[in-house]
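A quick write-up on the structure given underneath.
There are 2 protein chains.
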Amino acid sequence: MCLVSTSNGTRRRPGRFPRARRTTPRRTRYHHGDLRDALLKAAVELVEELGPDGFTLREAARKVGVTHTAPYRHFADRDALLVAVAEEGFQGLHAAALARLAGLTEPRQRLQALGIAYVEYAVAHPSHFRVMHGGVADACSDPAFVQAKAATFGLLIEIVGACEAAGLIPAGSVPRYALSAWATVHGLADLLMSGAAHRMGLADGSVEAIAREVTANVISGLRTP
Amino acid sequence: MCLVSTSNGTRRRPGRFPRARRTTPRRTRYHHGDLRDALLKAAVELVEELGPDGFTLREAARKVGVTHTAPYRHFADRDALLVAVAEEGFQGLHAAALARLAGLTEPRQRLQALGIAYVEYAVAHPSHFRVMHGGVADACSDPAFVQAKAATFGLLIEIVGACEAAGLIPAGSVPRYALSAWATVHGLADLLMSGAAHRMGLADGSVEAIAREVTANVISGLRTP
DNA sequence: CCTACCGATCGGTAGG
DNA sequence: CCTACCGATCGGTAGG
Chain A
67 MCLVSTSNGT
77 RRRPGRFPRA
87 RRTTPRRTRY
97 HHGDLRDALL
107 KAAVELVEEL
117 GPDGFTLREA
127 ARKVGVTHTA
137 PYRHFADRDA
147 LLVAVAEEGF
157 QGLHAAALAR
167 LAGLTEPRQR
177 LQALGIAYVE
187 YAVAHPSHFR
197 VMHGGVADAC
207 SDPAFVQAKA
217 ATFGLLIEIV
227 GACEAAGLIP
237 AGSVPRYALS
247 AWATVHGLAD
257 LLMSGAAHRM
267 GLADGSVEAI
277 AREVTANVIS
287 GLRTP
Chain B
67 MCLVSTSNGT
77 RRRPGRFPRA
87 RRTTPRRTRY
97 HHGDLRDALL
107 KAAVELVEEL
117 GPDGFTLREA
127 ARKVGVTHTA
137 PYRHFADRDA
147 LLVAVAEEGF
157 QGLHAAALAR
167 LAGLTEPRQR
177 LQALGIAYVE
187 YAVAHPSHFR
197 VMHGGVADAC
207 SDPAFVQAKA
217 ATFGLLIEIV
227 GACEAAGLIP
237 AGSVPRYALS
247 AWATVHGLAD
257 LLMSGAAHRM
267 GLADGSVEAI
277 AREVTANVIS
287 GLRTP
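Line order of the protein sequences matches chains A and B. Per this note's numbering: the first sequence = residues 67 to 291. Per this note's numbering: the second sequence = residues 67 to 291.
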């Protein structure tokens, strides 16, 4: 039988593992916003170790060195903390995309740059990425979250729209191509994050190089203008 | 705040929800293999409702109508049941792919058919698909599981290899194109399963039609022979 | 931000 | 396949 329960840390459930004792020294006091930030950071680390479902408020508190009820001063409940992570994630992804797009005007180059930014962000911030696309974010209507998400998605539509305007894709096919482009980088991100691509011997080179190659294949499917 | 804890069923943690009482009448007795199959089926349903991490052995037992220790007669532990689901999944995907490939000889058609089968299988069997790519399966060395997984992956390599032989892709680029093709359908599967594609207005039409369009975009990036 | 507590699970073992 | 149990969590509330 596969000894997954001990060889990976994806899950954490009552009564299966002894809980690690406090590793971080307890701070004497937290200033305004200090504990909030510390909890956010702890949450990101825990999601990376245990997955979004394995994350618990109590362990985040433990990690930061406060009582398990202290987080309720800053977050209404467990999901609120995860939503904050997701929001931070969309803002970070948006910023990373803008940085990669800076100075590029040619639609195909921009589409590729957006894709590379997407994959790079996911691999560099797997916890954020997973929470962004997890169940917590799905039903969320938090304004800041929704705004950050829409802005990022807007970049994709804008760039594919520019491809259409340039005659690189058939008129009216923006949704189809947007979905194709998104699916490709989204899947690549997942296959790289999970290690599946590597296990199958398909992930040689840097993340950027891999993303560049894979997105190039998508680009090459466009018309010549 | 986002009321995710009540609006979606992705998670299940101690003390958050009242547990539903037995809905299935308790069987008087199970024949050999009968309970095993019933537990497998229950596990699939539970993963669909709660995700792989939310699945518990106790709830599966409850759903089937036996004591929470009865499953240990058929599965060594919780992970063993999930591995069985993953194995069933890879066998199902492999069979679905073979069915779609039957009669097709042209490499591009075969690549597209494989991709469509992948996406259709994922959408039709989301629980299996999630478990197949989840943490439980990663570290698993169960022979039947490994074999079913390798057979499915082998189809991809074989078909992309045929594309190479036909001059549709540059010599030596099988890994790169295999990764591209896989990433695209893997990402599409995820975006369709999670509802993200639909929420963004990018998922009009049947799953087959969407998968056909998206894979067509990949195919169009190949050389003309 | 803390102490004390509650109700509800869970995975797993002992022993039949 | 069942009864009885154990140890370990968890999210959350009361009340300060």
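Glycine residues also receive a C-beta, built at the ideal position from the N, C-alpha and C atoms.
Quiz item: Below 8 angstroms between beta carbons: does that hold for residue 254 of chain B and residue 185 of chain B?
Solution: yes
Quiz item: Can you find a C-beta in chain B that's less than 8 angstroms from the C-beta of residue 199 of chain A?
Solution: yes
Quiz prompt | Three-state secondary structure assigned by DSSP to residue 118 of chain A | solution = coil
Exercise. Identify, in the order they occur along the chain, each residue of the same chain with its Cβ nearer than 8 angstroms to the Cβ of residue 134 of chain A, setting aside the five sequence neighbours on each side.
Key: 123, 124, 127, 128
Practice problem: Determine the burial state of residue 154 of chain A: buried for a count of at least 16 other Cβ atoms within 10 Å of its Cβ, exposed for fewer. | Solution: buried
Exercise. May I ask you to report which of helix, strand or coil DSSP gives residue 168 of chain B?
Key: coil
Quiz prompt | Own chain residues within Cβ distance below 7 angstroms of residue 69 of chain B, not counting five before or after | solution = Unreliable positioning characterises residue 69 of chain B in this predicted model, as indicated by a pLDDT of 29, which lies under 50. A coordinate reading is not provided.
Exercise. Starting from residue 269 of chain B, follow the alpha helix (DSSP H) in both directions and report where the run begins and ends.
Key: Note, residue 269 of chain B: premise wrong, no alpha helix (DSSP H); not H, not E.
Quiz item: Run through DSSP, which three-state label would residue 208 of chain B get?
Solution: coil
Practice problem: Under 6 angstroms Cβ to Cβ from residue 147 of chain B, same chain only, skipping five residues before and after it: list those, please. | Solution: 109, 141
Quiz item: residue 208 of chain A and residue 120 of chain B look like a contact to me (Cβ under 8 angstroms); what is the Cβ gap, rounded to whole Å?
Solution: Their Cβ separation, rounded to whole angstroms, is 23 angstroms, which puts residue 208 of chain A and residue 120 of chain B out of contact at 8 angstroms.
Quiz item: How long is the line joining the alpha carbons of residue 162 of chain B and residue 252 of chain B, rounded to whole angstroms?
Solution: 16 angstroms
Practice problem: Specify whether the stretch 173 to 183 of chain A and the stretch 217 to 229 of chain A touch according to this definition: at least 3 beta carbon pairs, one from each stretch, less than 8 angstroms apart. | Solution: yes
Practice problem: Assuming residue 256 of chain B contacts residue 256 of chain A (C-beta within less than 8 angstroms), just tell me the rounded distance between them. | Solution: 6 angstroms
Quiz item: Along the chain, where does the alpha helix (DSSP H) that runs through residue 192 of chain B open and close?
Solution: 192 to 198
Quiz item: Given that a residue counts as buried once 16 or more other Cβ atoms are within 10 Å of its Cβ, and exposed if not, what is residue 103 of chain A?
Solution: exposed
Self-check item: Where residue 289 of chain B sits in the DSSP three-state scheme
Solution: coil
Exercise. Apply the 10 Å Cβ neighbour rule to residue 214 of chain B and answer buried if 16 or more other Cβ atoms are within range, or exposed otherwise.
Key: buried
Quiz prompt | Reference residue 218 of chain A; option with closest CA among A/286, A/167, A/115, A/288 | solution = A/167
Quiz item: Nearest chain A C-beta to residue 268 of chain B closer than 8 angstroms, yes or no?
Solution: yes
Self-check item: Residues of the stretch 173 to 192 of chain A whose Cβ lies closer than 8 angstroms to any Cβ of chain B, in chain order
Solution: none
Quiz item: So is residue 241 of chain B in contact with chain A if we call contact Cβ pairs under 8 angstroms?
Solution: yes
Quiz item: Got a sec: is the Cβ-Cβ distance from residue 219 of chain A to anything in chain B below 8 angstroms?
Solution: yes
Quiz prompt | Cβ pair count under 8 angstroms reaching 3, the stretch 265 to 281 of chain B against the stretch 227 to 237 of chain A | solution = no
Practice problem: Compile a chain-ordered list of the residues in the stretch 95 to 126 of chain B whose CB is closer than 7 angstroms to at least one CB of chain A. | Solution: 117, 119, 120
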